[in-house]
Each structure stands twice: as C-alpha cells, then as structure tokens.
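1 is the number of the first residue of the sequence shown in our numbering; add one for each residue after it.
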Amino acid sequence: MDVREAIKDKKRIVIKIGSSSLQHPETGDLDYNKMEVLVRELCNIRNSGKDVVLVTSGAISVGKKAVQIKDANHDISVKQACAAIGQSRLMMVYQKIFAEYNQVCAQVLLTKDTITNDINRVNAHNTFIELLNLGVIPVVNENDTISTFEIKFGDNDTLSAIVASLINADLLILLSDIDGLFTDNPRKNKNAKFIEVVEKIDDNIINMAKSETGSSVGTGGMNTKIHAAQIATKSGADMIIANSSDIHILHRIMDGRNFGTIFVANKEKGFKLKNYVKDLKDEE
Ligand code: GLU
C-alpha cells in the first residue's frame, strides 16, 4: 500500500507543536486562534476513533512573558521558575479549549529519568495507556521546572519521538515552521529541493539536515528532527514533518494526502528506548 494511503489506518498518533508555532511572531504572546485550530483538529482525530497524544512546548516562553523577562541569557533557575509559571498557564488555555469540545485532556511531564529508570518507565507507559483507554488526550512536555542538564531530553522533537516509542504509536507528526526536509537550507539556497518520502535515514539524509531552521524560540533544528525520526522509525512509527502555518494540515495528512516529508517506519529488532535515551547529550 502507498505510504500516504496507509496513514488513514494509523491507530495511535503523537503530534508535536513547538513554541514558535504557538506564538504571534510580533509579540511572543500565545496565538489563541492557532491553539483553537490545533485542539479542534486533535479532538476530531480522537473522534474518528484514534488515540491522540499532544507534545507541546511553550512553558518557558509563556512563563517569561507572564513575569516580563525579555533577555535571552539567564540562569537555569530563572528558566525553571518561568517553566513553573508558564506550564500551568499553558495548560489552563489548553483545558479551556479542549472543554469546548467536551474533550478531557491530562498533563504528563517527563524527564530523562522517566525513561532510563525501569520502574518509572513502566509507570509512565501504564499511565499513558490508561489515559488513552479512557479516551483522554495526554498533553506532554518536558518537566522543565526540575530538569537540569543531567536529566534533560534537550528538545521536544526528541521528547515526542521518545513518547511515540514509549506508547508504541504508529505515527508521529512534527508540526514545524518549515514544510519538511530539503536537500539544503531553503532559506539560504534557492535550489534546495523538497523531499517527500524518506525510506531510509542514511548519511546522505543526515548531512542534509545539518542546516538550521532559523527559529529563535524553539530549540529543535532539522538535526533534532532527523534524530527524532531515527527513534520513531526504529520503534515502528512513521514520522511526518509538516508546516504549522496552517494547522488544518493535520486532517489533510490524516486523509492520506501528500503534505510534508514522511519518514517511513523501519522497525529495528531489539530496539531499546532506554539505551537510546541514556546516550542523549544535552547540547546547551
Ligand atoms: N520544553 C520547553 C518548553 O516548553 C521547550 C523545548 C522545545 O521547544 O524543544 O518551554
């Protein structure tokens, strides 16, 4: 079957959205319209009988806004405090919009420890499965309030792939500020070509991703997306990078249409999520 046709039959979908996709570029304030479209799309996918998980960034940037911190360089403790402020604010907005669609959502915050510690990992897995069985949409972020570099995933692209692997999802969608993977950075090279399907992540693909996305709010460039694709595809999930400029793209993708770059699942026998996470290096 065609890889796009097969999307219609996916059962468990993780969708990741980054800070820059949730904010007005002019002010950094939350874009409620975008959040509303996002939540509506998620609820509609859920209503079609599929399990849905949202991985969302924004805790630190929303927190910074709330206490009017403007400069980019400050101590980790300031970021952690901002995450505590911002995460609850972010959830407040999500809860409100999900409630409009009569959809229950739940907050799940993770650190690297959650995956590397066997007991924590099993607990987290069980919680997710229980939530999905209850018809709930889990809303996930890194627990930035307590995460220092020893226990940090680093970015939410990686985190979303880890979540997809943890819950045996069959599709991960990364909503980004770019259409997908190009042969070179399209913002710098006019001849860069768009790639629709990646069957295998080889050195060629890894080298294409070395160029940056240009976003200043999120932490994930194309490199981290390829890394996420490695985790997702080895775990048995397809991964799609798609542009968040119109979040309606989600139902178009679910209809099996050709949007974004799709990395085709390539399940690796004996893939151990724990080992993968243990070796993650924080780049900060
Ligand atoms: N976890 C961070 C936050 O919510 C963002 C990390 C990322 O965007 O990759 O603020």
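Virtual Cβ for every residue (Gly too), placed ideally from N, Cα, C.
For residue i, the three-state DSSP class (helix, strand or coil)
| i | result |
| --- | --- |
| lysine 152 | coil |
| glutamine 107 | strand |
| valine 122 | helix |
| threonine 145 | coil |
| aspartate 29 | coil |
| leucine 54 | strand |
| serine 245 | coil |
| phenylalanine 98 | helix |
| serine 176 | strand |
| leucine 171 | strand |
| arginine 46 | helix |
| valine 3 | coil |
| phenylalanine 259 | coil |
| isoleucine 76 | helix |
| glutamine 68 | coil |
| valine 14 | strand |
| valine 37 | helix |
| valine 139 | strand |
Supposed contact pair residue j and residue i - C-beta distance, whole angstroms, cut 8 Å
| i | j | result |
| --- | --- | --- |
| glycine 63 | glycine 86 | 3 Å |
| leucine 30 | leucine 42 | Actually they are not in contact, since the Cβ atoms of leucine 30 and leucine 42 sit about 17 Å apart, beyond 8 Å. |
| leucine 90 | leucine 159 | The Cβ separation is near 15 Å, so there is no contact. |
| alanine 232 | alanine 161 | 5 Å |
| aspartate 170 | arginine 12 | 6 Å |
| glycine 296 | lysine 267 | Coverage of the chain is limited to positions 1 through 284, which leaves residue 296 absent and any answer about it impossible. |
| valine 108 | proline 138 | 5 Å |
| isoleucine 97 | methionine 35 | 6 Å |
| glycine 256 | isoleucine 7 | 5 Å |
| aspartate 113 | threonine 224 | Not really, about 20 Å apart at Cβ, beyond 8 Å. |
| alanine 59 | asparagine 141 | 6 Å |
| lysine 16 | aspartate 157 | 7 Å |
| isoleucine 253 | valine 37 | With a Cβ gap of about 14 Å, isoleucine 253 and valine 37 do not count as contacting. |
| phenylalanine 153 | leucine 273 | Not confirmed; about 12 Å, so no contact. |
| lysine 278 | threonine 116 | 5 Å |
| isoleucine 226 | alanine 209 | 4 Å |
| aspartate 203 | alanine 192 | Not really, about 18 Å apart at Cβ, beyond 8 Å. |
| isoleucine 19 | serine 61 | Per the sequence presented here, residue 19 reads as serine, with isoleucine not at that position. Indeed, because the Cβ distance is near 5 Å, the residues count as touching under 8 Å. |
| lysine 50 | lysine 79 | Actually they are not in contact, since the Cβ atoms of lysine 50 and lysine 79 sit about 34 Å apart, beyond 8 Å. |
| arginine 4 | asparagine 258 | 6 Å |
| valine 14 | valine 163 | 5 Å |
Residue i: CB within 8 Å of a non-hydrogen atom of the ligand GTP
| i | result |
| --- | --- |
| serine 245 | Looking at this structure, you won't find the ligand GTP anywhere; what it does contain is the ligand GLU. |
Requested in this report: Determine contact between the segment 76-92 and the segment 188-208, defined as no fewer than three beta-carbon pairs at a distance below 8 Å.
Outcome: As far as the Cβ criterion goes, the segment 76-92 does not touch the segment 188-208, which means the pair count is below three.
Requested in this report: Pair every Cβ in the segment 239-250 with every Cβ in the segment 170-177, then say whether three or more of these pairs are closer than 8 Å.
Outcome: yes
Requested in this report: Tell me the start and end of each unbroken alpha helix (DSSP H) in the segment 181-243 that is at least 4 residues and wholly inside, in chain order.
Outcome: Here the runs fully enclosed are 203-208, 222-235.
Query raised in the report: Does the segment 260-277 come close enough to the segment 178-198 to have 3 or more Cβ pairs within less than 8 Å?
Result: Touching, yes.
Requested in this report: Could you say if the segment 108-127 and the segment 68-75 meet the contact criterion of at least three C-beta pairs nearer than 8 Å?
Outcome: no
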